[in-house]
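Report on one structure; see the data block that follows.
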Amino acid sequence: MTTFPLVTHRGMDDALAYRHGEVITVGQFLHDARRLAALYPPGRHVLNACTDRYHFTVGLAAALLADRISLLPPTHTPEMVRQLRLLAPDVFCLSDGPTTIDLPRVAYPEAAEAAGDSPEAVPVPAGIPQIPADQTVAQVFTSGSTGVPQPHRKTWGALVRNMQAGAARLGLDGGARYSIVGTVPPQHMYGFESTVLLALQGGAALSAEHPFYPADICSAIAAVPRPRLLVSTPVHLRALLCAGVDVPALDLVVSATAPMPAQLALAAEARLQVPLLEIYGSTETGQIATRRTAQALPWTLLPDVRLVAQGERMWASGGHVEVPVALGDVLECVDDRHFLLHGRKADLVNIAGKRNSLAYLNHQLNAIAGVQDGAFFMPDEDDAGGVTRLLAFVVAPGLSQAALRAALRERIDPVFMPRPLLLVERLPRNSTGKLPREALQALAQAHDQTGRGRHAG
Numbered sequence: 001m002t003t004f005p006l007v008t009h010r011g012m013d014d015a016l017a018y019r020h021g022e023v024i025t026v027g028q029f030l031h032d033a034r035r036l037a038a039l040y041p042p043g044r045h046v047l048n049a050c051t052d053r054y055h056f057t058v059g060l061a062a063a064l065l066a067d068r069i070s071l072l073p074p075t076h077t078p079e080m081v082r083q084l085r086l087l088a089p090d091v092f093c094l095s096d097g098p099t100t101i102d103l104p105r106v107a108y109p110e111a112a113e114a115a116g117d118s119p120e121a122v123p124v125p126a127g128i129p130q131i132p133a134d135q136t137v138a139q140v141f142t143s144g145s146t147g148v149p150q151p152h153r154k155t156w157g158a159l160v161r162n163m164q165a166g167a168a169r170l171g172l173d174g175g176a177r178y179s180i181v182g183t184v185p186p187q188h189m190y191g192f193e194s195t196v197l198l199a200l201q202g203g204a205a206l207s208a209e210h211p212f213y214p215a216d217i218c219s220a221i222a223a224v225p226r227p228r229l230l231v232s233t234p235v236h237l238r239a240l241l242c243a244g245v246d247v248p249a250l251d252l253v254v255s256a257t258a259p260m261p262a263q264l265a266l267a268a269e270a271r272l273q274v275p276l277l278e279i280y281g282s283t284e285t286g287q288i289a290t291r292r293t294a295q296a297l298p299w300t301l302l303p304d305v306r307l308v309a310q311g312e313r314m315w316a317s318g319g320h321v322e323v324p325v326a327l328g329d330v331l332e333c334v335d336d337r338h339f340l341l342h343g344r345k346a347d348l349v350n351i352a353g354k355r356n357s358l359a360y361l362n363h364q365l366n367a368i369a370g371v372q373d374g375a376f377f378m379p380d381e382d383d384a385g386g387v388t389r390l391l392a393f394v395v396a397p398g399l400s401q402a403a404l405r406a407a408l409r410e411r412i413d414p415v416f417m418p419r420p421l422l423l424v425e426r427l428p429r430n431s432t433g434k435l436p437r438e439a440l441q442a443l444a445q446a447h448d449q450t451g452r453g454r455h456a457g
């Protein structure tokens with residue numbers, strides 16, 4: 001039976017996490033995981049709702065040791081919890097604070113409160129646990145940005161192979177012990193891979209914090225030793241650069257969840273003085289490619305991963321991708337190892353015989369000087385037989401609709417001009433910076449029902 005170690009650190013005294021100014025060693029982590037595993041009830045499925053990244057990681061490790069399956073949905077709304085109950089009636093919730101989640105609950109035991117342990121009293125584990133490669137680790141759900149979230153099974157072997165390839169591509173396999181600070185939650189596939197699994201399988205140490213605002217991000221970075229890796233998104237990085245704060249020294253930045261405009265990548269590298277790498281992947285495939293956007297637009301596939309066109313779809317296979325997966329994006333292969341990304345298939349719109357992608361339209365909208373955030377949205381077909389029109393939501397303090405429309409006319413075909421164009425204070429982005437379709441639908445319906453949105457036809 002093939003197995004892989006739970007962690008790849010050299011010894012029990014290596015740092016695995018930094019939390020509230022304290023160093024948590026591999027030995028402490030394994031001790032905490034074993035103790036929590038003993039507290040799990042008989043149910044086989046765990047909804048890991050811990051907000052502290054270290055607590056989440058202990059919960060994940062405990063589930064692995066107890067042969068439980070972690071459920072990682074994009075939200076914890078009552079409807080999402082109802083879907084989880086249908087998928088796994090035995091599901092229970094692990095949380096490290098008050099929660100309104102309507103499931104049987106296991107409270108995360110703080111080390112000192114649970115057993116009165118001091119660091120000196122923690123027994124040294126016998127060794128690093130070995131996890132079977134075919135053991136199911138998690139059911140990870142799509143984000144819901146194009147519809148209803150769907151679960152996807154992840155095995156330990158596939159996740160480890162993915163992280164081995166990812167760590168090598170990022171340069172984390174050269175012996176340097178990175179500190180990882182993430183602005184994305186560990187429950188999302190990107191955060192799960194790049195802030196939790198990368199620490200476990202890359203010999204790194206994770207920050208327990210989940211900073212959101214620029215000042216908090218800077219504080220989290222300053223609290224951990226170099227070399228430092230910041231795992232973030234275009235939305236968070238744009239806010240960080242615009243805040244005018246002094247960002248502590250970094251050694252590498254990675255970004256995902258949405259394609260990064262080249263201008264933002266150039267600005268980030270110039271300001272932070274470090275390489276910025278984008279990660280391309282999906283919930284279904286995990287990470288499969290990277291690019292340094294400030295230097296080149298084509299993406300480079302991870303070793304052994306390949307793309308094959310079948311009909312109108314591109315399929316990924318090989319490497320850690322255990323079975324061929326149809327991708328939801330429009331890709332153009334440059335050669336066997338490189339491709340260009342043109343947007344999501346679900347983003348393609350056809351108006352008056354002309355085709356375009358929402359990703360392209362969003363890029364043009366956000367490139368207008370003064371626009372802080374913006375997104376096009378194509379509503380569902382009108383059941384009453386009316387004409388379905390593109391609309392756009394824009395955050396642009398100080399800009400009028402007339403100025404926005406004039407700038408857009410210079411950038412896009414007139415048939416794709418939004419009707420209406422709505423000025424809003426903020427967009428309903430989730431914790432990873434994505435815009436779930438249902439959130440945009442609700443925003444559009446609220447405007448339609450109240451008529452209070454400011455727009456021009």
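Counting with the UniProt record's numbering, you get residues 1 to 457 for the letters of the sequence shown.
Quick reminder that beta carbons are idealized off the backbone N, C-alpha and C, glycines included.
How big is the Cα-Cα spacing for residue 477 and Gln401?
The requested residue 477 does not occur in the structure, where the chain is confined to residues 1 to 457.
I'd like to confirm the pairing. Which residues does DSSP put opposite Asn48 in its beta bridges?
Position 48 of the sequence shown, counted from the first residue, corresponds to residue 48. Its beta-bridge partners are Leu94.
Measuring only the C-alpha atoms, how far is Leu307 from Trp315?
Residue numbering aside, residue 307 sits at position 307 when the sequence shown is read from its first letter. Residue numbering aside, residue 315 sits at position 315 when the sequence shown is read from its first letter. Approximately 6 Å between the Cα atoms of the pair.
Kindly give me the distance between the Cβ atoms of Ile180 and Ala199, rounded to whole angstroms, as I take these residues to be in contact under 8 Å.
Position 180 of the sequence shown, counted from the first residue, corresponds to residue 180. Position 199 of the sequence shown, counted from the first residue, corresponds to residue 199. Their Cβ separation, rounded to whole angstroms, is 5 Å, which keeps Ile180 and Ala199 in contact under 8 Å.
Contact check, Gln372 vs Arg411, beta carbons under 8 Å:
By one-based count along the sequence shown, residue 372 stands at place 372. By one-based count along the sequence shown, residue 411 stands at place 411. No; because the gap between Cβ atoms is not below 8 Å, this pair is not in contact.
Let me confirm a value: Ser118 is counted as buried when at least 16 other C-beta atoms fall within 10 Å, else exposed. Which label applies?
For the purposes of this step, residue 118 is taken as residue 118 along the sequence shown, with counting starting at 1. Its pLDDT being 48, under 50, Ser118 is placed unreliably in this model, and the value from its coordinates should be taken loosely. Counting Cβ neighbours within 10 Å, Ser118 comes out exposed, since fewer than 16 surround it.
Looking at the secondary structure, which residues open and close the beta strand (DSSP E) in which His338 lies?
Here residue 338 corresponds to residue number 338 of the sequence shown, with the count starting at 1. Note, His338: beta strand (DSSP E), His338 to Arg344.
By Cβ distance, which residues of its chain are closer than 8 Å to Val334, with the 5 residues on each side in sequence left out?
As a working mapping, residue 334 is identified with position 334 in the sequence shown. Closer than 8 Å at the Cβ level, and outside the excluded window around Val334, lie Pro298 and Leu340.
Please classify Phe212: is it buried, with 16 or more other beta-carbons within 10 angstroms of its beta-carbon, or exposed?
Numbered from its first residue, the sequence shown carries residue 212 at position 212. Exposed: under 16 other Cβ atoms inside 10 Å.
Please look up how many angstroms separate the CB atoms of Ile131 and Thr283, rounded, as I've assumed it's under 8 Å.
Here residue 131 refers to the residue found at position 131 of the sequence shown. Here residue 283 refers to the residue found at position 283 of the sequence shown. Wrong, their Cβ atoms sit about 21 Å apart, outside the cutoff.
Arg53, buried or exposed, once every other Cβ within 10 Å from all chains shown has been counted against 16:
In the sequence shown, counting from the first residue as 1, residue 53 sits at position 53. Classification for Arg53: buried.
Rounded to the nearest angstrom, what separates Leu429 and Met1 at their Cα positions?
To locate residue 429, count along the sequence shown from 1; it is residue 429. To locate residue 1, count along the sequence shown from 1; it is residue 1. One point to set straight first is that residue 429 is Arg, not Leu, in the sequence displayed. Using only the alpha carbons, I get a separation of about 43 Å.
Restricting to Cα atoms, I'd like to know which of Asp32, Pro418, Ala369 and Gly286 is closest to Arg161.
As a working note, residue 161 is residue 161 in the sequence shown. Looking at the Cα atoms, Gly286 is the closest of the given residues.
Which residue comes first and which comes last in the alpha helix (DSSP H) that contains Pro214?
For the purposes of this step, residue 214 is identified with residue 214 of the sequence shown, where counting begins at 1. Pro214 -> alpha helix (DSSP H) spans Pro214 to Ala222.
Between the C-alpha atoms of Leu302 and Phe393, what's the straight-line distance to the nearest angstrom?
Along the sequence shown, one-based indexing puts residue 302 at 302. Along the sequence shown, one-based indexing puts residue 393 at 393. Each residue's alpha carbon lies about 36 Å from the other.
Taking 8 Å as the cut-off, decide whether the C-beta atoms of Val274 and Leu250 are in contact.
Numbered from its first residue, the sequence shown carries residue 274 at position 274. Numbered from its first residue, the sequence shown carries residue 250 at position 250. Yes, the pair counts as a contact, with Cβ atoms nearer than the cut-off.
When you compare each of Leu159, His55, Pro185 and Val81 to Thr257 by their alpha carbons, which one comes out closest?
Sequence index remark: in the sequence shown, residue 257 carries index 257 (1-based). Nearest option by C-alpha distance: Pro185.
Check Pro5 in the structure and name its three-state DSSP category.
On the sequence shown, residue 5 is found 5 positions in, with the first residue counted as 1. Note: Pro5 maps to strand in three-state DSSP.
Tell me whether the beta-carbon of Asn362 lies closer than 8 Å to the beta-carbon of Gly374.
Translated into positions along the sequence shown, residue 362 becomes position 362. Translated into positions along the sequence shown, residue 374 becomes position 374. Yes.
Does the segment 84-103 come into contact with the segment 32-51, if we say contact requires no fewer than three beta-carbon pairs (one atom in each stretch) closer than 8 Å?
yes
Could I get the ranges of all uninterrupted beta strand (DSSP E) runs contained in the segment 237-306, with 3 residues as the minimum, in chain order?
252-255, 276-282, 286-291 and 299-301
Alpha carbon to alpha carbon, what distance is there between Gly127 and Leu435?
In the sequence shown, counting from the first residue as 1, residue 435 sits at position 435. In the sequence shown, counting from the first residue as 1, residue 127 sits at position 127. Roughly 43 Å between the two C-alpha positions.
Nearest residue (CA-CA) to Met12, options Asp246, Val26 and Tyr18:
Counted from its first residue, the sequence shown places residue 12 at position 12. Closest by alpha carbon: Val26.
Spatial distance of Val330 from Ile24 (CA atoms):
As a first step, residue 330 must be located in the sequence shown, where it is residue number 330. As a first step, residue 24 must be located in the sequence shown, where it is residue number 24. Near 43 Å, if we compare the C-alpha coordinates of Ile24 and Val330.
Top-ranked residue by Cα proximity to Pro221, from Leu197, Asp246 and Arg238:
The sequence position of residue 221 within the sequence shown is 221, counting from 1. Before going on, a small fix: residue 221 reads as Ile here, not Pro. When only C-alpha atoms are compared, the closest one is Asp246.
Local conformation of Arg19 per DSSP, three classes
As a first step, residue 19 is located in the sequence shown; it is residue number 19 there, counting from the start. Correct three-state label for Arg19: strand.
What is the rounded straight-line gap between the Cα of Glu278 and the Cα of Gly166?
As a position in the sequence shown, residue 278 is number 278, starting the count at 1. As a position in the sequence shown, residue 166 is number 166, starting the count at 1. In a straight line, the C-alpha of Glu278 is about 12 Å away from that of Gly166.
Anticipated Cβ contact below 8 Å, Val91 with Tyr40, distance rounded:
Walking along the sequence shown from the start, residue 91 turns up at place 91. Walking along the sequence shown from the start, residue 40 turns up at place 40. Incorrect: roughly 12 Å between the Cβ atoms, too far for contact.
Per DSSP, Ala107 is paired with what?
By 1-based counting over the sequence shown, the position of residue 107 is 107. DSSP, once it has assigned bridges, lists Ser95 as partnering Ala107.
Under 8 Å between C-beta atoms of Val231 and Val196
Here residue 231 is taken as the residue at index 231 of the sequence shown, counted from 1. Here residue 196 is taken as the residue at index 196 of the sequence shown, counted from 1. No, they are not a contact pair.
In this structure, does DSSP put Val387 in helix, strand or coil?
Indexing the sequence shown from 1 puts residue 387 at position 387. Low per-residue confidence applies at Val387: pLDDT is 44, beneath 50, and the placement is therefore not dependable, though the value from the model is reported in the following sentence. Looking at Val387 - three-state DSSP - the assignment turns out to be coil, as it is neither helix nor strand.
Look at the Cβ atom of Leu272, then the Cβ atom of Thr293, and state whether they are nearer than 8 Å.
Looking up residue 272 in the sequence shown gives position 272. Looking up residue 293 in the sequence shown gives position 293. No, these two residues do not count as a Cβ contact at 8 Å.
For Glu22, count neighbouring Cβ atoms within 10 angstroms of its own Cβ and tell me buried if that reaches 16, exposed if not.
What you label residue 22 is simply residue 22 of the sequence shown in a count that begins at 1. When all chains shown are included, Glu22 counts as exposed.
Going by other Cβ atoms of all chains shown within 10 Å of its Cβ, with 16 needed for buried, is Thr233 buried or exposed?
Residue 233 sits at position 233 when you count from the first residue of the sequence shown. With 16 or more Cβ atoms within 10 Å of its Cβ, Thr233 is classed as buried.
Assigned exposure category for Arg291 - 16 Cβ within 10 Å defines buried
Numbered from 1 along the sequence shown, position 291 holds the residue referred to as residue 291. Arg291 comes out buried.
Simplified DSSP state of His152, which is helix, strand or coil:
For the purposes of this step, residue 152 is identified with residue 152 of the sequence shown, where counting begins at 1. Residue state, collapsed to three classes: strand.
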